[in-house]
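The structure under discussion appears below in the form of structure tokens.
There are 2 protein chains.
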Amino acid sequence: MPDKDIIQSYITELKRGNLVLAVLGSLTTPHYGYALLQTLQERGMDIEANTLYPLLRRLEKQELLVSDWDTTESRPRKYYSISDTGKDVRTKLFEEWKDMQKSLIGIYTEE
Amino acid sequence: MPDKDIIQSYITELKRGNLVLAVLGSLTTPHYGYALLQTLQERGMDIEANTLYPLLRRLEKQELLVSDWDTTESRPRKYYSISDTGKDVRTKLFEEWKDMQKSLIGIYTEE
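In structure tokens:
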């Protein structure tokens, strides 16, 4: 049996790149952190808050996301959405993803 | 325009996880390093020797690959192939990849 940690580290690596794409793809509609977590989970992205929240802050700092506070409710919430820069990055990443997807399908269906 | 370094770092992140899957998928047939590099490039995986070779050594150290020297030619070559442990890891990674692929397709076709 392979070492569980080894498998987990490769799964984490695989998820990391795809997660950015999932976040950028989901934030065409503004979401606050927890709502995004739920949206991603509903769409089958198995992710935890302590992975998602730092990523949102990082993407905002890099100006791929913008945020806006909604203070109309009793509990203020920070809504994130994709910026124009984020949309450019998303387009490029999505192209790369499609290319890799094609390669992998080729490799795995040849067997 | 988004920062080129930012885009590049996300592309690299995206590739890293997929590359392991591509390598494990390709080594059902034994390859020496340079031949694998060519196989991967032919299949559309844009990768450089200085990324692939350390990965091969790491995968061997983790016992996901086994290697064998072919000394029948004038220049001895180290052939890598997937181990049974590697096959287990590959199966699990491929399942994860398919799930993520499905999620991402869902996210990107909803728009």
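Chains as they are written, first to last, in UniProt numbering: chain A, 1 to 111; chain B, 1 to 111. Ideal Cβ placement from N, Cα and C applies to all residues, glycine included. Note that the coordinates shown come from a computational prediction; the quantities given were computed from them, not determined experimentally.
Within the 8 Å Cβ cut-off, does residue i reach chain A?
| i | result |
| --- | --- |
| residue 35 of chain B | no |
| residue 27 of chain B | no |
| residue 57 of chain B | no |
Rounded C-beta distance between residue i and residue j? I'm assuming under 8 Å.
| i | j | result |
| --- | --- | --- |
| residue 45 of chain A | residue 14 of chain A | About 12 Å separates the two Cβ atoms, so there is no contact after all. |
| residue 7 of chain A | residue 89 of chain B | 5 Å |
| residue 34 of chain A | residue 79 of chain A | Going by Cβ atoms, the distance from residue 34 of chain A to residue 79 of chain A rounds to 11 Å, so no, they are not a contact pair. |
| residue 93 of chain B | residue 11 of chain A | 7 Å |
Are the beta-carbon atoms belonging to residue i and residue j less than 8 Å from one another?
| i | j | result |
| --- | --- | --- |
| residue 27 of chain A | residue 81 of chain A | yes |
| residue 36 of chain B | residue 52 of chain B | yes |
| residue 47 of chain A | residue 40 of chain A | yes |
| residue 63 of chain B | residue 85 of chain B | yes |
| residue 97 of chain A | residue 24 of chain A | no |
| residue 103 of chain B | residue 43 of chain A | yes |
| residue 101 of chain B | residue 38 of chain A | no |
Are any of the Cβ atoms in chain B nearer than 8 Å to that of residue i?
| i | result |
| --- | --- |
| residue 49 of chain A | no |
| residue 103 of chain A | yes |
| residue 61 of chain A | no |
| residue 66 of chain A | no |
| residue 52 of chain A | no |
| residue 32 of chain A | no |
| residue 97 of chain A | yes |
TODO: Give the residues from the stretch 71-92 of chain A that approach chain B closer than 8 Å (Cβ to any Cβ), ordered along the chain.
DONE: 85, 86, 88, 89 and 92
TODO: Taking only beta carbons into account, state which residues of the stretch 7-19 of chain A come closer than 8 Å to chain B, listed in chain order.
DONE: 7, 10, 11, 13, 14, 15, 16, 17 and 18
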